[in-house]
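Visitor:
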Ligand SMILES: Nc1ncnc2c1ncn2[C@@H]1O[C@H](COP(=O)(O)OP(=O)(O)OP(=O)(O)O)[C@@H](O)[C@H]1O
Ligand SMILES: [Mg+2]
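Chains as they are written, first to last, in the numbering used here: chain S, 3 to 295; chain D, 1258 to 1507.
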């Protein structure tokens, strides 16, 4: 039994929180779209990949880092809106399962196009501020992890301000609560659906760009990250943003501790175990409530 | 003037409204009466664009509404107080009212994306809020409360206040008095009379035919999707057939 120092735990915790922040951004993308349009968008992970890939490509074209990142996020936001316009809106009266199949098709198509454009080779995105890792209470932290947490926090704050303190944000929420009554007040609910797709694609692109320096960028990176974000969203009940934040962070920390203290081989299994526990818990909770009533 | 001609609404094979025609003149209060399932709500929904009309036309002040979607109809000065209130339960009373007036801000980026606290300083918005609070002082007291925690009667006030925030010229109400105590029903009807004096045109769907016809100028009676009778409020109240069959008053 190896001995661990406090600094080891801190290190695992911070890595967990930083990777968890990525899951949070993706999970919030899932629930934003789900709340407004009722669609579970299985192409969410592809927006993550596109964000990172486009940033790499734009850097390669000679753009400085910040413009490259911003242009990439803007482009992916547009891709999100276009995806909704072309694939979801025409089918919005179709059953939920059909819509999910459509998003799955979109995911496969985007991944395929990614393979065509960028091939199978992994690309690297430089760290935002290269340099020696920081030492905090004995734990060694790469600077990029600090960036990940900082950027995620900023995105969360912007999202909070938008949804709680602007009329447009409230109109989007109104559509997610009661589309008909929002429409009757003059809210263009299909524009709000477009917006929700754009916001959520843009957020995922940010996630892709901040994680890229740690993981390398490949055409299929969206698969795994999208799945983790989805699981975090489900852990949070699919509707509540604070719960999705908790879900993402818990998942990241669980993975990090399993990988650090046990073996990294079962790291991915942890996500599915967590999903299993949450789903079983839900079901038991539901059936218990049903029995009581 | 609102003109509905040969309007039909279908849900799959259910023919909810069949070739209904009616008119509402400016400044009138017109009642639509009829038993449960007669198609009254479907008719209102089709007028505001919430349900597509499979046939027929709706025009309001030389404008065709039947090709518009609901949010576009809102911009033509038509507002609906929907059946069952349909307030946003997890949002505050104030937010419900703000969203009711969304159409005044829809094209203005500054209003949409600026902090709500700036928006609240908008003079037009303040006037609209004041007017609603004058009509429903209870809503002012409960501004910060979640709409879902209001009583049924208060939610009805909120639903009406929200529609008024759009400063409509034509107000459609779908059973605004359902579930209210008799004195609140009277208040509701008085409120509508007051609104008409301010220049609003009102189309009112009511179960309580007696209460509705007391304030209405004219009425239409619907049965299984069709308009089967119409006339002035007096005529409808006096007609023995109406009294027996549709109005539920002996
Ligand atoms: N969304 C829907 N899907 C299918 N059928 C519907 C739908 N809405 C209404 N109907 C049917 O259409 C018919 C007319 O309904 P509608 O709600 O317009 O009646 P109503 O006159 O408003 O009745 P009430 O007085 O009970 O509110 C009814 O037979 C109803 O079952
Ligand atoms: Mg009805």
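Yeah, the Cβ is synthetic: ideal placement off N, Cα and C, and Gly gets one too.
Could you give the distance in angstroms between the alpha-carbon of residue 1391 of chain D and the alpha-carbon of residue 1325 of chain D?
Guide: Taking the first residue of the second chain as 1, we reach residue 1391 of chain D at position 134. Taking the first residue of the second chain as 1, we reach residue 1325 of chain D at position 68. Their Cα atoms are separated by approximately 33 Å.
Visitor: According to DSSP, what are the bridge partners of residue 286 of chain S?
Guide: Counted from its first residue, the first chain places residue 286 of chain S at position 284. The partner list for residue 286 of chain S (beta bridge, DSSP) is empty, contrary to what the question assumes.
Visitor: Can you tell which of D:1471, D:1412, D:1286 has its C-alpha closest to the C-alpha of residue 1429 of chain D?
Guide: On the second chain, residue 1429 of chain D is found 172 positions in, with the first residue counted as 1. If we check each option's Cα against that of residue 1429 of chain D, D:1286 comes out closest.
Visitor: Using the three-state DSSP reduction, which class does residue 1291 of chain D fall into: helix, strand or coil?
Guide: Taking the first residue of the second chain as 1, we reach residue 1291 of chain D at position 34. Here residue 1291 of chain D sits in strand by DSSP.
Visitor: Return the first residue and the last residue of the beta strand (DSSP E) that residue 87 of chain S is part of.
Guide: Here residue 87 of chain S refers to the residue found at position 85 when the first chain is read from its first residue. Residue 87 of chain S -> no beta strand (DSSP E), and no H or E assigned at all.
Visitor: As an exercise, report each continuous alpha helix (DSSP H) stretch of at least 4 residues that is fully enclosed by the stretch 1453-1478 of chain D, in chain order.
Guide: The qualifying runs are 1466-1472.
Visitor: Count the C-beta pairs between the stretch 39-51 of chain S and the stretch 217-229 of chain S that are closer than 8 Å, then say yes if the count reaches three, no if not.
Guide: Touching, yes.
Visitor: Checking contacts by CB at 7 Å: is residue 1261 of chain D closer than that to chain S?
Guide: Taking the first residue of the second chain as 1, we reach residue 1261 of chain D at position 4. With 7 Å as the cut-off, residue 1261 of chain D does not count as an interface residue toward chain S.
Visitor: Can you check the stretch 105-168 of chain S for any alpha helix (DSSP H) of at least 4 residues that lies completely inside it and give the ranges in chain order?
Guide: Correct list: 145-167.
Visitor: Quick check on residue 1359 of chain D: does DSSP put it in helix, strand or coil?
Guide: Locating residue 1359 of chain D in the second chain gives position 102, counting from the first residue. The answer is helix: DSSP assigns residue 1359 of chain D an H, G or I state.
Visitor: For the stretch 209-288 of chain S, which segments carrying the alpha helix (DSSP H) assignment without a break, of at least 4 residues, lie completely within its bounds, in sequence order?
Guide: Taking only runs of at least 4 residues, the alpha helix (DSSP H) segments lying wholly in the stretch 209-288 of chain S are 223-237, 243-259.
Visitor: Check whether the Cβ of residue 1271 of chain D sits closer than 6 Å to any heavy atom of ligand 1, and report yes or no.
Guide: Position 14 of the second chain holds residue 1271 of chain D. Yes; taking the cut-off as 6 Å, the Cβ of residue 1271 of chain D has a heavy atom of ligand 1 nearer than that.
Visitor: According to DSSP, simplified to helix, strand and coil, what is residue 1499 of chain D?
Guide: Residue 1499 of chain D sits at position 242 when you count from the first residue of the second chain. Residue 1499 of chain D falls in the helix class under three-state DSSP.
Visitor: Less than 8 Å between the CB atoms is what I'm expecting for residue 1279 of chain D and residue 1305 of chain D, so what's the real figure, rounded?
Guide: Counted from its first residue, the second chain places residue 1279 of chain D at position 22. Counted from its first residue, the second chain places residue 1305 of chain D at position 48. Actually they do not touch by this definition, with Cβ atoms about 15 Å apart.
Visitor: Look up residue 1507 of chain D in the DSSP assignment and say whether it is helix, strand or coil.
Guide: For the purposes of this step, residue 1507 of chain D is identified with residue 250 of the second chain, where counting begins at 1. Note that residue 1507 of chain D has pLDDT 43, beneath the 50 cutoff, so the model's placement of it is unreliable and no number is given.
Visitor: Select from the stretch 178-190 of chain S all residues with a C-beta closer than 8 Å to any C-beta belonging to chain D, and list them in chain order.
Guide: Listed by position along the chain: 179, 180, 182, 183, 184, 185, 186, 187, 188, 189, 190.
Visitor: Residues of chain D with CB under 7 Å from residue 170 of chain S, in chain order?
Guide: Counting from 1 along the first chain, the entry for residue 170 of chain S is found at position 168. Correct list: 1369, 1370.
Visitor: Examine ligand 1 and report whether any of its heavy atoms sits within less than 6 Å of the Cβ of residue 1295 of chain D.
Guide: As a first step, residue 1295 of chain D must be located in the second chain, where it is residue number 38. Yes; taking the cut-off as 6 Å, the Cβ of residue 1295 of chain D has a heavy atom of ligand 1 nearer than that.
Visitor: Grouping DSSP H, G and I as helix and E and B as strand, with all else coil, what is residue 1379 of chain D?
Guide: Along the second chain, one-based indexing puts residue 1379 of chain D at 122. DSSP places residue 1379 of chain D in coil when its eight states are reduced to three.
Visitor: Would you list the one or two residues that DSSP bridges to residue 1403 of chain D?
Guide: Your numbering for residue 1403 of chain D matches position 146 in the second chain. In DSSP, residue 1403 of chain D forms a bridge with D:1349.
Visitor: Chain D beta carbons: is any one of them nearer than 7 Å to that of residue 95 of chain S?
Guide: Counting from one through the first chain, the residue named residue 95 of chain S turns up at place 93. It does not; no Cβ of chain D falls within 7 Å.
Visitor: Is it true that the CB of residue 8 of chain S sits closer than 7 Å to the CB of residue 258 of chain S?
Guide: As a first step, residue 258 of chain S is located in the first chain; it is residue number 256 there, counting from the start. As a first step, residue 8 of chain S is located in the first chain; it is residue number 6 there, counting from the start. Cβ atoms of residue 258 of chain S and residue 8 of chain S: not closer than 7 Å.
Visitor: Look at the alpha carbon of residue 1402 of chain D and the alpha carbon of residue 143 of chain S, and state the distance between them as a whole number of angstroms.
Guide: What you label residue 1402 of chain D is simply residue 145 of the second chain in a count that begins at 1. What you label residue 143 of chain S is simply residue 141 of the first chain in a count that begins at 1. Their Cα atoms are separated by approximately 45 Å.
Visitor: Thinking C-beta only, is residue 17 of chain S closer than 7 Å to residue 151 of chain S?
Guide: Here the question's residue 151 of chain S lines up with position 149 in the first chain. Here the question's residue 17 of chain S lines up with position 15 in the first chain. Their beta carbons are not under 7 Å apart, which means residue 151 of chain S does not touch residue 17 of chain S by this criterion.
Visitor: Determine the extent of the beta strand (DSSP E) in which residue 61 of chain S is found, giving its start and end residues.
Guide: Along the first chain, one-based indexing puts residue 61 of chain S at 59. Taken as a continuous stretch (DSSP letters only), residue 61 of chain S belongs to no beta strand (DSSP E), being part of the alpha helix (DSSP H) at 46-62.
Visitor: I want to see whether chain S comes within less than 7 Å of residue 1431 of chain D, judged by CB atoms only; does it?
Guide: The count along the second chain starts at 1 and reaches residue 1431 of chain D at position 174. Taking Cβ atoms only, chain S never reaches closer than 7 Å to residue 1431 of chain D, which makes this a no.
Visitor: For residue 133 of chain S, count neighbouring Cβ atoms within 10 angstroms of its own Cβ and tell me buried if that reaches 16, exposed if not.
Guide: Position 131 of the first chain, counting from 1, holds the residue named residue 133 of chain S. With fewer than 16 Cβ atoms within 10 Å of its Cβ, residue 133 of chain S is classed as exposed.
Visitor: I need the straight-line Cα distance from residue 291 of chain S to residue 1268 of chain D, nearest angstrom please.
Guide: Reading the first chain from its first residue, position 289 is the one you call residue 291 of chain S. Reading the second chain from its first residue, position 11 is the one you call residue 1268 of chain D. Each residue's Cα considered, the two are about 34 Å apart.
Visitor: Quick one: does the C-beta of residue 1268 of chain D sit closer than 6 Å to a heavy atom of ligand 1?
Guide: Taking the second chain and counting its residues from 1, one reaches residue 1268 of chain D at position 11. It does: the Cβ of residue 1268 of chain D is within 6 Å (strictly closer) of some heavy atom of ligand 1.
Visitor: Report the three-state DSSP secondary structure of residue 8 of chain S (helix, strand or coil).
Guide: The residue labelled residue 8 of chain S in the question sits at position 6 within the first chain. Correct three-state label for residue 8 of chain S: helix.
Visitor: Distance, Cα to Cα, residue 1464 of chain D vs residue 1292 of chain D?
Guide: The sequence position of residue 1464 of chain D within the second chain is 207, counting from 1. The sequence position of residue 1292 of chain D within the second chain is 35, counting from 1. One C-alpha to the other measures close to 7 Å.
Visitor: In chain order, which beta strand (DSSP E) runs of at least 3 residues are fully inside the stretch 1265-1313 of chain D?
Guide: Complete beta strand (DSSP E) runs here, min 3: 1271-1281, 1286-1291.
Visitor: Between residue 1410 of chain D and residue 1449 of chain D, is the Cβ-Cβ spacing less than 7 Å?
Guide: Looking up residue 1410 of chain D in the second chain gives position 153. Looking up residue 1449 of chain D in the second chain gives position 192. No. Outside cutoff.
Visitor: Going by the C-beta, is residue 1216 of chain D closer than 6 Å to any heavy atom of ligand 2?
Guide: Residue 1216 of chain D is absent from the structure shown; chain D starts at 1258 and stops at 1507.
Visitor: Does DSSP put residue 180 of chain S in a helix, in a strand, or in coil?
Guide: Locating residue 180 of chain S in the first chain gives position 178, counting from the first residue. Three-state result, residue 180 of chain S: coil.
Visitor: Can you pull the chain S neighbours of residue 1309 of chain D, defined as C-beta to C-beta under 8 Å?
Guide: Reading the second chain from its first residue, position 52 is the one you call residue 1309 of chain D. Correct list: empty, because the minimum Cβ distance to chain S is about 11 Å.
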